[in-house]
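Notes follow the structure.
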Amino acid sequence: MHGQVLGGKISSSGFFTKQNKYFITNRLTLGLSLTTFVITMEIITREQAIRAAINSIEESDLPHPCALQRCLENMDLIHCLFIKRLDDPGAAYYILYWLLNDKMICIAEVDAMNSDILSFTPFTYPGTEHYHDLDKFKEMVRARYPEEVIADSDLVWRPCNESKSSIHPFCRISTNKNTYFISMFGNIYTELTPA
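No gaps in the numbering here: position 183 of the sequence shown is 183 in the numbering used here, and each next residue is one more.
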């Protein structure tokens, strides 16, 4: 993000911490002086994301099929994933999906910074989607690359040829040698190519 301020320039960069806080570092340059200040933005919790989605659905004009109403009344039927955006270091979102009898009946995306509903899709006919099981994908990497040691894993997304939809994120697994991106369908990539 760049902008003009009093004849100077602001530039920002950001990073996530292990405590799920997002820090934005702003550098304000005026003439020869350089001032750095840090703004801390709290990421909403999983529970806040679920509540925001439920409130939005209940307040909308969308029809509430019986299956969805049952899911709204039972929080245990809601699954929630935290996704970091790779194309915008400050952005993150939650994917929420409702399962009833192991069938997905709707999916929603909630902005992790401000609780905005980014998308909501109820399914006319419940279907099964393969959502990320980090342990399953770690096992895939261990089986394919037994000489590598897994260091870290998270869920990420950016628009790319491998996934054009933000509801299809990747499990990013970093090892002592490589970084792998595993699609929700189990495809393993070493890089994501711009769309």
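Note that CB positions come from ideal geometry on N, CA and C, so glycine has one too. Note that the structure is predicted; figures quoted are calculated from it, not measured.
Between residue i and residue j, is the Cβ-Cβ spacing less than 8 Å?
i, j, result
"A52", "V110", "yes"
"L134", "F82", "no"
"R46", "Y94", "yes"
"N161", "A195", "yes"
"T175", "E148", "yes"
"I44", "A112", "yes"
"Y180", "T193", "no"
Residue i: which of the options sits nearest, CA to CA?
i, options, result
"A143", "N114, Y97, K84 and I188", "I188"
"Y97", "E42, P146 and F120", "F120"
"N55", "I117, H79, M184 and I167", "I117"
"A92", "R158, N178, T179 and M184", "R158"
"K177", "T193, E59, V141 and Q48", "V141"
"P122", "S115, S60, K136 and C106", "C106"
"S163", "G186, T179 and Y145", "G186"
"M104", "L86, Y145 and H79", "H79"
"F170", "G90, I50, L86 and I57", "L86"
"S153", "K84, S60 and E42", "K84"
"E42", "P89, L99 and N114", "N114"
From the DSSP output, which residues share a beta bridge with residue i?
i, result
"L100", "K103"
"S119", "E109"
"A53", "Per DSSP, none; premise fails for A53."
"S153", "I173"
"T193", "Looking at the DSSP assignment, T193 forms no beta bridge with any residue, so it has no partner."
"L168", "A quick correction: the sequence has His, not Leu, at residue 168. In DSSP, H168 forms no bridge with anything."
"R85", "W157"
"F181", "R172 and Y189"
"A92", "K84"
"S163", "C160"
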